[in-house]
Structures are given as structure tokens and as C-alpha cells.
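Participant: Heads up: the sequence shown at position 230 corresponds to 234 in the numbering used here, and the numbers run straight through without jumps.
Virtual Cβ for every residue (Gly too), placed ideally from N, Cα, C.
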Amino acid sequence: MEPDRLVLRRLAVTGGWTDDELSRHVRDGALTRLRRGAYVAGADLVTDEVRHHLLVRATLASLRRPAVVSHQSAAVLHGLPLWGVRLDRVHVTRRPPASSEAGRCLRTHVARLADHEVTTVEGLLVTDPVRTALDLARSLPLEPAVAALDAALHRGLLARPVLESRVQELAGTPGSRAAARAVTFADGRSESVGESRSRVLLHGLGLAPSALQRTIHSASGLFLGRADFAWEEERVVGEFDGRVKYGRARRPGQVPADVLFEEKRREDAIRDEDWGVVRWTWSDLVPGTVVGDRVSRALVRGRRRSG
5 MEPDRLVLRR
15 LAVTGGWTDD
25 ELSRHVRDGA
35 LTRLRRGAYV
45 AGADLVTDEV
55 RHHLLVRATL
65 ASLRRPAVVS
75 HQSAAVLHGL
85 PLWGVRLDRV
95 HVTRRPPASS
105 EAGRCLRTHV
115 ARLADHEVTT
125 VEGLLVTDPV
135 RTALDLARSL
145 PLEPAVAALD
155 AALHRGLLAR
165 PVLESRVQEL
175 AGTPGSRAAA
185 RAVTFADGRS
195 ESVGESRSRV
205 LLHGLGLAPS
215 ALQRTIHSAS
225 GLFLGRADFA
235 WEEERVVGEF
245 DGRVKYGRAR
255 RPGQVPADVL
265 FEEKRREDAI
275 RDEDWGVVRW
285 TWSDLVPGTV
295 VGDRVSRALV
305 RGRRRSG
């Protein structure tokens, strides 16, 4: 995070800037208005997450009463991925007897917060990773909630026993059933948002794999690769092919064509061991599209081979 990209009007004016200068820099694109009295420099290079990070800092600087950053805003500060989640408002939580409120840039929640559920990130009070994950699980649809939970587990930001213990403490509160469902479904073996979304989609289609991150060996014991998903009885493996995955697979000096060639050789070796291989991409992750048909056909072929 680059805090110097945040420009607060009150500090700029104290430093000698005028409102006319600020307005002129907004017009010429040097500054982009985040909210009233707050700007970001070089907004053309700012991702949604970085922009929201700056919006969090700007919003907290304008609050008259302290609050704890929470929900998706806390997720951004903890570096958790957010798919399909709006980042136009900063979410904070205050302890009772505060009142909840919603404005154009701020959403205030009122809830009990234990001391151990609050931590500090870059000098800001933020809900800890477990509370953040549970708040997301209570308030978001299953797909984005699972993506965030998977990432938190995969990165070691929280431990499953602690997560399961704390979700039980939510019983009877709004969203507790949704949170319990998301926590039960979460799996730290998923290594990307695409894999998490794939799991949710496959489960909804009744095509849940029997294993994740399945290692494949040759008959002689040679390691051939590791598949994102596997249907072991049918001897079918599935691969979500995101661009990031290909990027990570590149070694120094390699070009994308080299990576694709190596992937093709790996797939051929796996097929030679009588495994079927099915692939899909980010654009396929829509209910009712090709993923379900593709996996179903592969499973039918696998049953025929084993029969």
C-alpha cells in the first residue's frame, strides 16, 4: 500500500494548496475524487482494492467517533480476495449502543466485538481475520464468501478449528446459518478464486469432486502432476485454467508458448495412465454453461473405461 497516494483536503489546504488547485488537478486527471475531502493521485494505476484501501483511510480520518474496520473493508486490509463484492462503501462496526447507518461512502454496523476479535493493520483498528471471514460468510452469497474463506485458510490467516469454534458462537444471530454453511464448505486446498468458484458451481450441479489437489503418478511411481480436482472412481481429473496459474508456472526465460507445451506434455502423460482430463476457464464459470456438460461427459467416459 502507498499511503502517499492519498490526498486529504484538510491537510493539503494546511500545506498551502487551494481548493481551486485541487479542482484543477481533478479536471486534468492528476487527482481523482474518492469522497468529499479525499483524493487519490495517479488513479489510472489504482486497482479496485487499492482504491478501497485509500477510501478506508480517508473515511476513518473523517469520522468523529472511532470505529473498527470490518466486513469487506477489513478483507481488503487483510489482503483477502473479493469476487463480485461491491467496494463503493467503507464498512465499519461499532459496539452497542451505537446506531447503524448507511451513507454514500459509509456503512456502519452495530455488533458486539470481543477484544480478541480486533487487531491493528497499518495503525487502523480492524476486525481480526476470523471475525472478518465470519462477517463475510454471514453477509455475502455463498460463492464470494467461500472464495474469501478458502483464501484465508490457504494462506494460514486462520485455523479451521478456531473458525469452526467461533462460527458456533454465532448461532441464533442474523446470517448464522449462511455462515455455518460457508464454513462447512470452505477448503484451504483451493488455491485461487477460480478454483473456489469452480467448487461451488460443481457442488450445485451435483458433480462435486472426490478429491482436491490430487497428485498423479505413473505406473512406475514417477510424479506426473497435481490436478485441481479429481473424480477418483471414474479416473477423471479437472483443471481450472486461469491466467494467473499459467503466469506462476513460467520459469525465468520461458515464454507462454513454452508453458503451454509443458502443460500439453503433462496432460498427455496423465492420459497415458488412463485418466481423463477436463478443463475450463474463468469465462466458463456460469451456471448452465459448458462446465457441467464437459465434466458430465468426462465422467461417463470414465465409467465406460472402468467398466
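So, for Ala151: in the same chain, excluding its five sequence neighbours on each side, which residues have a beta-carbon less than 7 Å away from its beta-carbon?
Facilitator: Only Pro85, Trp87, Val197, Ser200, Arg201 meet the Cβ criterion.
Participant: Per DSSP, which residues does Phe233 bridge with? Please list them.
Facilitator: DSSP output for Phe233 lists Leu216, Gly242 as bridge partner(s).
Participant: Can you give me the C-alpha to C-alpha distance between Gly292 and Glu266, rounded to a whole angstrom?
Facilitator: Computed Cα separation, rounded: 31 Å.
Participant: Thr123: which of Leu81, Thr188, Leu289 sits nearest, CA to CA?
Facilitator: Comparing Cα-Cα distances from Thr123 to each of Leu81, Thr188, Leu289, the minimum goes to Leu81.
Participant: Taking the C-alpha atoms as reference points, what is the distance between Ala71 and Pro256?
Facilitator: Straight-line Cα distance between these residues: approximately 46 Å.
Participant: Mind checking Gln76: buried by the 16 CB within 10 Å criterion, or exposed?
Facilitator: Buried.
Participant: How big is the Cα-Cα spacing for Arg301 and Val241?
Facilitator: Arg301 and Val241: Cα-Cα distance of roughly 12 Å.
Participant: Does the beta-carbon of Leu140 have 16 or more other beta-carbons within 10 angstroms, so that it is buried, or is it exposed?
Facilitator: Result: buried.
Participant: Helix, strand or coil, according to DSSP, for Leu153 in the structure here?
Facilitator: Correct three-state label for Leu153: helix.
Participant: Going straight from the alpha carbon of Ala65 to that of Leu91, what length do you get?
Facilitator: Computed Cα separation, rounded: 18 Å.
Participant: Along the alpha helix (DSSP H) that carries Leu59, what are the first and last residues, could you check?
Facilitator: Residues 52-66.
Participant: Do you know offhand how far Ala115's Cα is from Leu26's?
Facilitator: C-alpha separation (whole angstroms): 38 Å.
Participant: May I ask you to list the residues that DSSP assigns as paired with Leu226?
Facilitator: Beta-bridge pairing links Leu226 to no other residue.
Participant: What number of angstroms, rounded off, separates the C-alpha of Ser103 from the C-alpha of Arg55?
Facilitator: Using only the alpha carbons, I get a separation of about 27 Å.
Participant: In terms of residue numbering, what span does the alpha helix (DSSP H) encompassing Ala137 cover?
Facilitator: Element bounds for Ala137: 133-143.
Participant: Can you tell me the Cα-Cα spacing of Ala34 and Asp23, whole angstroms?
Facilitator: Distance between the alpha carbons of Ala34 and Asp23: 14 Å.
Participant: Just the C-alpha distance for Gly176 and Thr36, rounded to the nearest angstrom, thanks.
Facilitator: About 43 Å.
Participant: Excluding the 5 residues preceding and the 5 following Arg170 in the sequence, name in chain order all residues of the same chain whose CB lies nearer than 7 Å to its CB.
Facilitator: Excluding sequence neighbours, Arg170 sits near Val134, Leu138.
Participant: Going straight from the alpha carbon of Arg111 to that of Arg142, what length do you get?
Facilitator: Near 16 Å, if we compare the C-alpha coordinates of Arg142 and Arg111.
Participant: Determine which residues share a DSSP beta bridge with Trp284 and list them.
Facilitator: In the DSSP output, where bridge partners are listed per residue, Trp284 has Phe244.
Participant: Give a yes or no on whether the C-beta atoms belonging to Leu216 and Val299 are separated by under 9 Å.
Facilitator: Their beta carbons are not under 9 Å apart, which means Leu216 does not touch Val299 by this criterion.
Participant: So which of Leu167, Gly192, Arg193 has the shortest CA-CA distance to Ala184?
Facilitator: When each option's Cα is compared against that of Ala184, the closest is Leu167.
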